[in-house]
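Undergrad: Protein chains in written order, with the numbering used here: chain A, 30 to 346; chain B, 2 to 296.
No residue lacks a Cβ here, since even glycine has one placed at the ideal position from N, Cα and C.
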Amino acid sequence: MIEAQALSKRYGTKTAVDAVSFTVQPGKVTGFLGPNGAGKSTTMRMIVGLDNPSGGRATVNGLPYARHKAPLRELGALLDAKAVHPKRSAYTHLRALAATHAIPDSRVREVIELAGLGPVAKKRVGGFSLGMGQRLGIASALLGDPQTVILDEPVNGLDPEGVQWVRRLAKSLAAEGRTVFLSSHLMSEMALTADHLIVIGRGRIIADAPIQSIIDGQGVARVRVRADRPQDLLGSLAADGVSSQILEPELLEITGVEPRRIAEVAVRNGVLIYELTPIQVSLEDAYMQLTSQEVEYQSHSLPSSGLLAASTEGHRA
Amino acid sequence: MTTPVTTAPTPALPGPRPHPRHESASGVSFGRVLKSEWIKITSVPSTVILILITTVVMIGLAALLAWQTTLSLNVEGDPEMAAQMQGPSDAASAALGIPGSGLAFGQLLMASLAVVLVASEWGTGMIRSTMVVVPRRSLALLAKQSVMAGISFVVGAGSALIGYFVAQPILNSADLGFALSEDGALLHIVNTGLVLALVSIFAMSIGTLIRNTAGGVVTSIGVLLVLPILFTVFGMGTEWVADAGRFLPSAGGDQMVATTIAEGAFTQWQGALILGGWSLLLLAASLLVTKKRDV
Chain A
30 MIEAQALSKR YGTKTAVDAV SFTVQPGKVT GFLGPNGAGK STTMRMIVGL DNPSGGRATV
90 NGLPYARHKA PLRELGALLD AKAVHPKRSA YTHLRALAAT HAIPDSRVRE VIELAGLGPV
150 AKKRVGGFSL GMGQRLGIAS ALLGDPQTVI LDEPVNGLDP EGVQWVRRLA KSLAAEGRTV
210 FLSSHLMSEM ALTADHLIVI GRGRIIADAP IQSIIDGQGV ARVRVRADRP QDLLGSLAAD
270 GVSSQILEPE LLEITGVEPR RIAEVAVRNG VLIYELTPIQ VSLEDAYMQL TSQEVEYQSH
330 SLPSSGLLAA STEGHRA
Chain B
2 MTTPVTTAPT PALPGPRPHP RHESASGVSF GRVLKSEWIK ITSVPSTVIL ILITTVVMIG
62 LAALLAWQTT LSLNVEGDPE MAAQMQGPSD AASAALGIPG SGLAFGQLLM ASLAVVLVAS
122 EWGTGMIRST MVVVPRRSLA LLAKQSVMAG ISFVVGAGSA LIGYFVAQPI LNSADLGFAL
182 SEDGALLHIV NTGLVLALVS IFAMSIGTLI RNTAGGVVTS IGVLLVLPIL FTVFGMGTEW
242 VADAGRFLPS AGGDQMVATT IAEGAFTQWQ GALILGGWSL LLLAASLLVT KKRDV
């Protein structure tokens, strides 16, 4: 179990993590989701004590990580696949880490096989691909057979087989009753792996809920509407605090109001509606909505985006 | 009518795992971190090669100086040599210092290695693996320092001892051979190792503070080998500079391996106090700073 209480990290005047509190429960995979620069890695680094928090505290299985007598057996972490000396072999790297806890060689070989590194175990890590580096990082996280596992962007650079392996691994670890805390900026990845989501944006927690309820919560009232006089319809709906997006001259996407209400307003104002489709929100959309205000490095549309806009429209139609 | 209840084979509900499985016997201890650091140092081939080269060259330099000493004694009628070497008694005391004559070279390499060992952890990112596994940072650093200091001592004292045995047949040809039991001989050999150990602590602490290989090597070599030259040059005219120069870490090291103590100069033990003081001071600073810093 991981608990964060008002955990903060400031760099000068910039607040990277802003008093976040959350609990990562054992027995399930908890996804830690947020755009790049949202504070995911910083939060994870504070949990294992690499960064000193500016405020608040984090505990692992009830104690600050550094206070455990055998930290590697409490928590295993993959924070950075490149946290390895390139001239060492995977095997000696793991053996050096294992020696600190008197973890036997048999366990080192076990995690090497588990991570599928058997054939390259004696090769220098410097020649590893990013995916192999990730596997080595995961192997080192599992070395101490820990109760809690933290994996920062574990599927980065993995091939499809590796991605599936990480998913199965995370789920099986959770099924064994362990705490699994997994970060990603990819919603689709989380949808497949996580049971519970903690969403972070600009250093603040913006959602902390089971994955299904996040989808449901964001998906209630997004409706695609084709109407002949969209401006009139929107004008009449404006009072209800809706937001809308005009996709084509007669095609709208209205958020925050039930389809029935739209139909009522349309009838009252004599607007012709010829399509009214509630949209089932994907987790991706839910995530985009949650974080749209919180993205630190937002990409803006290009000034001359005629071509781009046309292609997007074609895509939506 | 009752429908037969088919119970799907539900996996046993995973309770909280009884952790930790292996109990306290397998926690982090200084001895274990030492072993880990030993594995780290010995598993990078270039490090091992550098250590071996240092040892061989230090032995070689002892042999070379022994040869040169006998040679200079055999050159008769050379007025320059005669001026430098006033009789066989001076040559004999100089011979005492032959086993550790490769010390300056050894310092250069071992100080660089000490910096590389610690700074490369930051350079490669390995430090994050290290500090996650051993979150008590001082413990991790002290283990690394101990392993490197131990290796340096063995390299220094070992090569001086071998150098002694290699030099004896050469010195004997000029009747300059001496026994280990001779006054100051063994102290010189042991202190050659001690200087190298203290210098490695000094350099590794600088490497820890700077966290950059190039910067750390330049700084520690600068302080150990270049600074004394500057102090000598400027100390010739200015007395207080010369006085201050006696308190440089390198000056302390020089006194530690000296076989004759000049009038008013520091003794071996005072020299050890100076070099050791600098090393411990920097070590303490590096531990303190590392504790506060983010990794």
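For A/Ser217, which of helix, strand or coil comes out of DSSP?
TA: Helix.
Undergrad: Using a Cβ-based criterion (distance less than 8 Å to any ligand heavy atom), does A/Ile229 qualify as near the ligand MN?
TA: The ligand MN is absent from the structure shown, which contains no ligand whatsoever.
Undergrad: How is the alpha helix (DSSP H) around B/Glu122 delimited, first residue to last?
TA: B/Glu122 -> alpha helix (DSSP H) spans Leu104 to Thr125.
Undergrad: Just to check my reading of the structure: B/Glu44 and A/Ser169 have Cβ atoms closer than 8 Å, yes? What is that Cβ distance to the nearest angstrom?
TA: Before going further, note that residue 44 of chain B is Ser rather than Glu in the sequence given. Contact doesn't hold; Cβ gap of about 15 Å is too wide.
Undergrad: Would you mind working out which of A/Pro115, A/Val178 and A/Ile179 sits nearest A/Lys152, comparing C-alpha positions?
TA: A/Lys152 has its Cα closest to that of A/Pro115, out of A/Pro115, A/Val178 and A/Ile179.
Undergrad: Pull up the distance between the alpha-carbon of A/Ala45 and that of A/Gly85, whole angstroms please.
TA: Whole-angstrom Cα-Cα distance: 14 Å.
Undergrad: At the 9 Å Cβ level, is A/Lys200 part of the contact set with chain B, yes or no?
TA: It does not; no Cβ of chain B falls within 9 Å.
Undergrad: Does any C-beta atom of chain A lie closer than 9 Å to the C-beta of B/Met257?
TA: Not closer than 9 Å to any Cβ of chain A, the Cβ of B/Met257 fails to qualify, so no.
Undergrad: Which residues in the same chain have their Cβ closer than 6 Å to the Cβ of B/Leu110, if we skip the five residues on either side of it in sequence?
TA: So the list reads Thr55, once near-sequence residues are dropped.
Undergrad: Note down, in chain order, all residues in the segment 64–88 of chain A with a beta-carbon under 8 Å from any beta-carbon belonging to chain B.
TA: So the close ones are Arg74, Val77, Gly78, Leu79, Asp80 and Asn81.
Undergrad: Mind listing the chain B neighbours of A/Ser130? Cutoff is C-beta to C-beta under 8 Å, in chain order.
TA: Note that residue 130 of chain A corresponds to His in the displayed sequence, not to Ser. Those are Ser27, Gly28, Val29, Arg33 and Val134, listed as they occur along chain B.
Undergrad: Please return the same chain residues whose Cβ sits closer than 7 Å to the Cβ of A/Pro55, not counting the five positions on each side in sequence.
TA: Excluding residues within five positions, the ones whose Cβ falls inside 7 Å are Met30, Gly206, Arg207 and Thr208.
Undergrad: Starting from A/Tyr303, trace the alpha helix (DSSP H) both ways and give me its first and last residue.
TA: Not the alpha helix (DSSP H): A/Tyr303 falls in the beta strand (DSSP E), residues Ile302 to Pro307.
Undergrad: Can you check DSSP and say which residues form a bridge with A/Phe51?
TA: Its beta-bridge partners are A/Ala33.
Undergrad: Work out the CA separation of B/Ile230 and B/Ser147 for me, nearest whole Å.
TA: Between B/Ser147 and B/Ile230, the C-alpha separation is close to 30 Å.
Undergrad: Establish whether the CB of A/Tyr316 and some CB of chain B are separated by less than 9 Å.
TA: Closer than 9 Å: no.
Undergrad: By how many angstroms is the C-alpha of B/Ser37 removed from the C-alpha of B/Arg22?
TA: Low confidence applies to B/Arg22: its pLDDT is 48, below 50, so where it sits in the model is not reliable enough to give any reading.
Undergrad: What is the residue span of the beta strand (DSSP E) that A/Pro176 lies within?
TA: The question names Pro, but residue 176 of chain A in the sequence shown is Gln. Neither: A/Gln176 is in no beta strand (DSSP E) and is coded neither H nor E.
Undergrad: Just to confirm, is the Cβ distance from A/Lys111 to B/Gly278 under 9 Å?
TA: No, these two residues do not count as a Cβ contact at 9 Å.
Undergrad: Along the chain, where does the alpha helix (DSSP H) that runs through A/His10 open and close?
TA: Because residue 10 of chain A is not part of the residues shown, which for chain A are 30 to 346, the question remains open.
Undergrad: Taking only beta-carbon positions, decide if B/Pro15 is within less than 9 Å of chain A.
TA: In this prediction, B/Pro15 has a pLDDT of 42, which is less than 50 and means its spatial position is unreliable; what the coordinates show is noted afterwards. Yes, because at least one Cβ of chain A sits closer than 9 Å to the Cβ of B/Pro15.
Undergrad: Give me the residue from A/Val49, A/Leu187, A/Arg255 and A/Ile283 with the minimum Cα distance to A/Leu165.
TA: When each option's Cα is compared against that of A/Leu165, the closest is A/Leu187.
Undergrad: Does DSSP put B/Leu282 in a helix, a strand or coil?
TA: Of the three classes helix, strand and coil, the one that applies to B/Leu282 here is helix, per DSSP.
Undergrad: Take every Cβ of the segment 125–141 of chain A, pair it with every Cβ of the segment 26–35 of chain B, and state whether three or more of those distances are shorter than 8 Å.
TA: Enough Cβ pairs lie closer than 8 Å, so yes.
Undergrad: Hey, quick one: how far does the alpha helix (DSSP H) through A/Arg197 stretch, first residue to last?
TA: Its alpha helix (DSSP H) spans residues Pro189 to Ala204.
Undergrad: Would you say the segment 90–101 of chain B touches the segment 133–150 of chain B, given that touching needs at least three Cβ pairs under 8 Å?
TA: Too few Cβ pairs lie closer than 8 Å, so no.
Undergrad: With contact counted as at least three CB pairs below 8 Å, one residue from each stretch, are the segment 106–120 of chain B and the segment 148–163 of chain B in contact?
TA: Verdict: yes, contact present.
Undergrad: Can you tell me whether DSSP reads A/Arg39 as helix, strand or coil?
TA: Here A/Arg39 sits in strand by DSSP.
Undergrad: Is the segment 194–212 of chain B touching the segment 164–181 of chain B, taking contact as three or more C-beta pairs under 8 Å?
TA: Judged by Cβ distances under 8 Å, the segment 194–212 of chain B makes no contact with the segment 164–181 of chain B, as fewer than three pairs qualify.
Undergrad: Under three-state DSSP, which class holds A/Ile234?
TA: Three-state result, A/Ile234: strand.
Undergrad: So, is the C-beta of B/Gly217 closer than 9 Å to a C-beta in chain A?
TA: No, no contact with chain A.
Undergrad: In this structure, does DSSP put A/Glu282 in helix, strand or coil?
TA: Here A/Glu282 sits in strand by DSSP.
Undergrad: Counting C-beta neighbours from all protein chains within 10 Å, is the total for A/Arg197 16 or more, i.e. buried, or is it exposed?
TA: The residue in question, A/Arg197, is exposed, as its Cβ has fewer than 16 Cβ neighbours within 10 Å.
Undergrad: Looking at A/Glu32: is its Cβ nearer than 9 Å to the Cβ of A/Ala67?
TA: For A/Glu32 and A/Ala67, no; Cβs fall outside 9 Å.
Undergrad: Could you check which residue in B/Leu195, B/Ala144 and B/Leu51 has the C-alpha nearest to that of B/Gln256?
TA: The candidate whose alpha carbon is nearest that of B/Gln256 is B/Leu195.
Undergrad: Show which residues of chain B have a CB atom less than 9 Å away from the CB atom of A/His225.
TA: Going along chain B, no residue has its Cβ under 9 Å from A/His225, so there is no contact; the nearest lies around 15 Å.
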